[in-house]
Structures are given as structure tokens and as C-alpha cells.
Amino acid sequence: MKKTIEQRVAELTREEVAITPYQPRWLRLLEEEARHLRHVLPSSILRRIEHFGSTAVRGLSAKPIIDILVEISRPDEVKRDVVPILEAEGYDYFWRPTIGDDPPHYAWFIKRDADGKRTHHIHMVEADSQLWERLYFIDYLKEFPREAKAYSRLKEELSRKFPNDRTAYTVAKAEFIVPLTQKAVAYYIKRETAP
Numbered sequence: 567m568k569k570t571i572e573q574r575v576a577e578l579t580r581e582e583v584a585i586t587p588y589q590p591r592w593l594r595l596l597e598e599e600a601r602h603l604r605h606v607l608p609s610s611i612l613r614r615i616e617h618f619g620s621t622a623v624r625g626l627s628a629k630p631i632i633d634i635l636v637e638i639s640r641p642d643e644v645k646r647d648v649v650p651i652l653e654a655e656g657y658d659y660f661w662r663p664t665i666g667d668d669p670p671h672y673a674w675f676i677k678r679d680a681d682g683k684r685t686h687h688i689h690m691v692e693a694d695s696q697l698w699e700r701l702y703f704i705d706y707l708k709e710f711p712r713e714a715k716a717y718s719r720l721k722e723e724l725s726r727k728f729p730n731d732r733t734a735y736t737v738a739k740a741e742f743i744v745p746l747t748q749k750a751v752a753y754y755i756k757r758e759t760a761p
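The opening position of the sequence shown corresponds to residue 567 in this note's numbering, with each subsequent residue numbered one higher.
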């Protein structure tokens with residue numbers, strides 16, 4: 567019997583939150599997946615591919631899941647031309663909101679290993695998506711190691727507090743991410759526009 571979207575989402579939110587020390591192989595996993603996506607998906611849909619989660623920050627503890635941000639031309643093309651390809655390869659597909667339960671929505675794919683553990687999250691968004699601000703957050707963590715260490719400690723603490731509640735973990739983490747992202751955006755925009 568096929569599971570409903572509600573059942574699938576409920577199962578996702580109960581999957582283990584496991585934080586591990588930084589692994590240099592994460593960069594290789596990103597590069598391999600980016601090559602794979604460019605090989606199997608229509609080039610007319612894909613634009614840039616970026617590594618944007620905690621696994622992108624050298625030395626930062628993280629869930630061992632490679633977060634990939636993919637710029638796409640149009641969401642309707644993703645639904646029509648990308649979803650069938652990636653679902654046929656075993657990726658889980660969800661049409662999810664960017665923040666909370668509100669629009670805009672985007673295509674999110676989960677890739678798993680042979681044991682069913684998540685290995686990659688692929689977020690496919692248009693060029694004007696708010697998710698691109700996360701690149702500033704990642705760059706800020708790379709440039710300011712004290713912030714990265716604070717974020718690492720927070721994630722480890724939250725993973726112990728919410729070991730099987732990804733929603734609570736993510737909401738609690740947002741209290742750190744949102745203000746630091748705003749600070750990072752302002753910092754980099756000011757630097758980019760300085761004479």
C-alpha cells in the first residue's frame with residue numbers, strides 16, 4: 567500500500583539526527599553528485615550547483631548529509647522533466663515550502679545509501695530564492711571560526727536533545743541561523759559594494 571504524503575513526511579521527521587565530526591570526503595561526495603546530476607538531468611533546466619550545508623565548512627561537525635543547492639530555470643520543468651528521472655533512480659521527492667508551511671515551494675530530493683540512510687539533500691530553486699542567502703551563512707562560518715564552533719556546539723547539543731525529532735531540531739537551530747544569516751548577508755553585501 568502506497569504511503570500518503572503525510573505518512574512520508576512524518577517518517578522523515580522521526581529519522582535520527584546524528585552529528586558527526588567533519589570528514590574531508592564530503593567535498594568529494596559533493597563533486598560526484600554534481601557530476602551525476604549534470605550527466606542525468608536536462609542541461610536546459612540546470613544552472614549552478616552549490617554546496618551549502620554544514621558539510622561545506624571545513625572542520626564543522628554536521629549531519630553526514632551533503633546539502634546541494636541547484637539553480638533551475640523553472641519549477642514546472644523540474645516537476646515534468648527532473649522528478650521522473652530522479653525518482654526512477656531511487657531519490658525521494660517532496661514539494662516543500664521554503665520557510666514554515668508558506669509558499670514559495672520548491673523541489674527537494676533525498677538520496678539514500680544502500681542501508682537507507684540519507685546521503686544527500688538536493689534543493690532545486692530559482693535564482694531569486696531566499697535559500698541562496700544560505701551561501702552567505704556558509705561563507706561567514708568559513709571566515710569566522712568562532713561562529714562555526716558555536717554553531718557546531720549548538721548542533722551537537724540539539725542532536726542530543728532531539729535525537730528523533732528533525733522538526734524540533736531544525737526549529738531550534740533556526741534561532742542561530744536566521745540572525746547570523748542576516749548578519750552575513752549585510753556583511754558580504756557591504757563588502758561587495760564598498761569602493
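From the three backbone atoms N, C-alpha and C, an ideal C-beta is built for every residue, glycine too.
Helix, strand or coil at residue i [DSSP, three-state]
i, result
"K677", "strand"
"R594", "helix"
"L652", "helix"
"Y717", "helix"
Spatial neighbours of residue i in its chain, beta-carbon cut-off 6 Å, leaving aside the 5 residues before and after
i, result
"D633", "F618, G619 and H687"
"A738", "L724"
"A693", "E637"
"F660", "W674"
Continuous alpha helix (DSSP H) stretch holding residue i: start and end
i, result
"T586", "From DSSP, T586 is part of no alpha helix (DSSP H); its letter is neither H nor E."
"D705", "R700 to E709"
"T733", "R732 to T759"
Unbroken beta strand (DSSP E) run spanning residue i, endpoints
i, result
"R613", "L612 to H617"
"V691", "R684 to V691"
"L578", "Here L578 belongs to no beta strand (DSSP E); instead the alpha helix (DSSP H) covers I571 to R580."
"I634", "I632 to I638"
Chain-order list of residues whose beta-carbon lies under 7 Å from that of residue i (same chain, five-residue window excluded)
i, result
"S718", "L626 and S627"
Rounded C-alpha distance that separates residue i from residue j
i, j, result
"A654", "D642", "18 Å"
"Y672", "E722", "28 Å"
"F742", "S639", "31 Å"
"L595", "T621", "10 Å"
"D647", "R613", "15 Å"
"Q759", "K568", "The sequence shown places Thr at residue 759, not Gln. About 52 Å."
"R732", "K629", "11 Å"
"I651", "A584", "29 Å"
"Y706", "P729", "27 Å"
Cβ-based neighbour list, residue i, same chain, cut-off 8 Å, excluding 5 preceding and 5 following
i, result
"I615", "A600, L603, R604, I634, L635, V636 and E637"
"E597", "none"
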